[in-house]
Amino acid sequence: MGPRTVVEKTLGILALLSMMAGSYVGLRVVPADAAQGNVQRLMYVHGPAAWLAFLCFFIVFVMSVLYLIQRDERWDRVAASSAEIGVVFTVLTLLLGMMWGKATWGVFWTWDPRLTTTAILLAIYVGYGALRSFAEDEEKRARWSAIVGVIGFVNVPIVYMSVTWWRTLHQPPSSPRSVAPDILWTLMLNLAAFTLVFAYLMVRRIRLAKLEGELERRMAYNA
Amino acid sequence: MRKWSVVSVVYVLALILLWVYTGRVGMENRSFVVAGYGLTWGALLWYAFRLESRGRTTAHAVESFEVEVTGD
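First to last, the protein sequences are chains A and B. Just so we're aligned, residue 1078 is where the first sequence starts under the working numbering, counting upward by one. Just so we're aligned, residue 94 is where the second sequence starts under the working numbering, counting upward by one.
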């Protein structure tokens, strides 16, 4: 993939340092939650992972719309990269949520609206990835993926609103009014760290996508 | 030693340290806390290294086509 540029290296180091700071504050500095105890510390990784998954799928949506309008393969590359990273963050969100759920609700999984809609979200973007690997024609693959990227995004606001629309075990979304200041700042620090990790992964994944496109072109030329 | 091996060793050591620390301070539900942070770091590091590995493989494949084209 070639050596990292100065910007990529700086981004990587910043992401690593901020993740270390976020984990340190989340595990050691901020006090345990009065009601849930220490297991609430999972919120500092579960919440940012969920937000980053939403951001990834929002980028897929925007890039898919741009692709459908302009038919520029660069948008398709960014959408595909963002979708893959979004799947990683969604899996992380679900697994961390299951651990937190086991400690507070007593079960790893229940067909709660938030959990179910998140599982559907994961299935949609795993399907998006599968579709990309099945379609051989570059143009068709990009067009079909863009359509799935637009339609699939409909589920994101449903996941977000599920705790408001339905009776659910999952707690409502945290806001500056509903959480203590030290919890809020720790959450923000970890959100910033996760965003830097996302930016680094995104830059590297887009580079890989370019290379994969080049390989595909060369294979087609040689065939 | 490869970068991945060094990172794996540091990762396992950090997990052990975290386990010992949470035990010393008597953190309740520490298995969930350690597993959660371990999973987060593990998954993100794994994906970052996986990207690099895929990048190397793809770059080699692209180069091999270059040789073939030049060879013609």
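Glycine included, each C-beta is placed from N, C-alpha and C at the ideal position. Here the structure is a predicted model, which is why all the values come from computation and not from measurement.
Apart from the 5 residues on each side of it in sequence, B:G131 sits with its Cβ closer than 6 Å to the Cβ of L108 in its chain, given in chain order. Inter-segment contact for the region 1181-1188 of chain A and the region 101-119 of chain B is absent: fewer than three beta-carbon pairs are separated by less than 8 Å. Under the three-state reduction of DSSP output, A:G1229 falls in the helix class. Unbroken alpha helix (DSSP H) stretches of 4 residues or longer found wholly inside the region 1191-1257 of chain A: 1215-1229, 1232-1242, given in chain order. Going by DSSP, A:D1189 is part of no alpha helix (DSSP H) at all; its letter is neither H nor E.
Between the region 1109-1127 of chain A and the region 1220-1229 of chain A, the count of C-beta pairs closer than 8 Å stays below three; the two stretches do not touch. By the neighbour-count definition (other C-beta atoms within 10 Å, threshold 16), A:Y1202 is a buried residue. Cβ contact annotation for B:L111 (same chain, cutoff 8 Å, sequence separation greater than five): V127, Y130, G131, in chain order. Close to chain A, meaning a Cβ-Cβ distance shorter than 8 Å, are the following residues of the region 139-155 of chain B: Y140, A141, L144, E145, R147, G148, R149, T151, A152, A154, V155. Sorting A:I1260, A:T1170, A:M1279, A:R1148 by C-alpha distance to the C-alpha of A:R1105 places A:I1260 at the top. With 16 or more other Cβ atoms inside 10 Å of its own Cβ, B:T133 counts as buried. Going by C-alpha positions, A:L1266 is about 15 Å away from A:A1127. DSSP, read as helix, strand or coil, puts B:G135 in helix.
Interface residue (Cβ-Cβ distance to chain A less than 8 Å): B:G131 is not classified as such. Between A:C1133 and A:I1162, the alpha-carbon positions lie close to 7 Å from each other. Cα atoms of A:S1141 and A:A1156: separation of roughly 6 Å, rounded to the nearest angstrom. Of the residues A:R1295, A:N1299, A:R1284, the one whose Cα lies closest to the Cα of A:T1082 is A:R1284. Straight through space, the alpha carbons of A:M1176 and B:F125 are spaced by roughly 6 Å.
Here the alpha carbons of B:S146 and A:I1146 stand approximately 34 Å from one another.
By the criterion of a C-beta distance shorter than 6 Å, A:T1263 is surrounded in its chain by V1102, G1103, V1107, Y1121, once the five residues flanking it on both sides are discounted. Your pair A:F1230 and A:F1138 checks out as a contact, with CB atoms roughly 4 Å apart and the cut at 8 Å. With distances taken between CA atoms, B:V118 lies nearest to A:A1109 out of A:M1097, A:M1096, A:A1109. B:L108 is outside the set of residues whose beta carbon lies under 8 Å from a beta carbon in chain A. Of the residues assessed, A:V1164 falls on the buried side of the cut-off, its CB having 16 or more other CB atoms within 10 angstroms.
Listed in chain order, the non-local C-beta contacts of A:S1159 below 6 Å within the same chain comprise C1133, I1136, V1137, local neighbours out to five positions each way being set aside.
With a threshold of 8 Å between beta carbons, A:E1085 makes no contact with chain B.
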